[in-house]
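Trainee: Take this structure, written in structure tokens, and hold onto it; I'll ask about it next.
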Amino acid sequence: MTRANPSNAARQAAAPALDAPSRQRVNRRAVFAFPNPVNEYAARITAGLVVVVAVGTLVSGWGWGLVALAIGFWLRVLFGPRVSPLALLSVKVLAPRIGHAKLVPGPPKRFAQGIGAALTSAAVVLFFTGFQPAAWILLALLIVAASLEAFVGFCLGCAIFGFLQRRGLVPADVCEACDNVALGRGRESVRRS
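Structure (structure tokens):
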């Protein structure tokens, strides 16, 4: 005599309910996608806007400016330029006025945004825990790095990414087009593809 197992019956009854949402799952990879390649001009314009906001925050001493900067960096790291107000302004309005796009590898730019997110997040914590001078020092470092990107075209975060990739700390398959970003060879391979 076989006895029905109530737990199996309950699982079978619940199975259709569990399968329905799985069919409607959001593609997390698409949600958290970062463009590759990216428009160098848009990245430089975004860096210039970051400089403006950061200098305004530093001059005013307004701690909530640090919060706004940190949120902007995290939005760009997590979602690319689709959500960040500064990136949207750069990508949709300002960069198209320059003309053609200059394409460069995306992963180093995302890495650089991650450094900005870490610096501004640390600055927020320092500011709101009473270590304002340390927060302003971090913000000054960010201003230097963003200014190099915006005005000179040198992405410090991208150079660090290239250094780490050459040392094997960033796998080559993360960015095959940028095996040597610091020397610009990655840019050539993006243009060819």
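Residue numbers (numbering that gives the first Met the number 0): 0 to 192. Beta carbons: idealized from backbone N, C-alpha and C, even for Gly. Bear in mind that the values here come from a model prediction, so they are computed numbers and not experimental data.
1) Note the first and the last residue of the continuous alpha helix (DSSP H) segment covering SER120.
2) Classify PHE160: buried if its beta carbon has 16 or more other beta carbons within 10 angstroms, exposed otherwise.
3) Assuming ALA134 contacts LEU125 (C-beta within less than 8 Å), just tell me the rounded distance between them.
4) Count the other CB atoms, across all protein chains shown, that sit within 10 Å of the CB of ALA42; report buried if there are 16 or more and exposed otherwise.
5) Could you say which of VAL173, GLU39, LEU138, LEU102 lies nearest to ILE114 if we only look at CA atoms?
6) Per DSSP, ASN266 is paired with what?
7) What residue does the alpha helix (DSSP H) around PHE72 start on, and which one ends it?
8) Taking the alpha helix (DSSP H) that ARG96 falls in, what are its first and last residues?
9) Have a look at ARG75, ALA121, GLU148 and flag the residue whose alpha-carbon is nearest the alpha-carbon of GLN112.
10) Relative to the C-alpha of ALA53, which residue among LEU168, CYS154, SER146, GLY98 is closest?
11) For VAL50, which option in SER83, GLY98, PHE150, GLY105 has the closest C-alpha, if you only look at C-alpha atoms?
12) Using three-state DSSP, classify PRO132 as helix, strand or coil.
13) Just to confirm, is the Cβ distance from PHE33 to GLY79 under 8 Å?
14) By the three-class DSSP mapping on this structure, what secondary structure does PHE150 have?
Mentor: Taking the definition as stated:
1) 105-127
2) buried
3) 4 Å
4) buried
5) LEU138
6) Only positions 0 to 192 of the chain appear in the structure, and residue 266 is not among them; the question remains open.
7) 62-78
8) 94-97
9) ARG75
10) SER146
11) PHE150
12) helix
13) yes
14) helix
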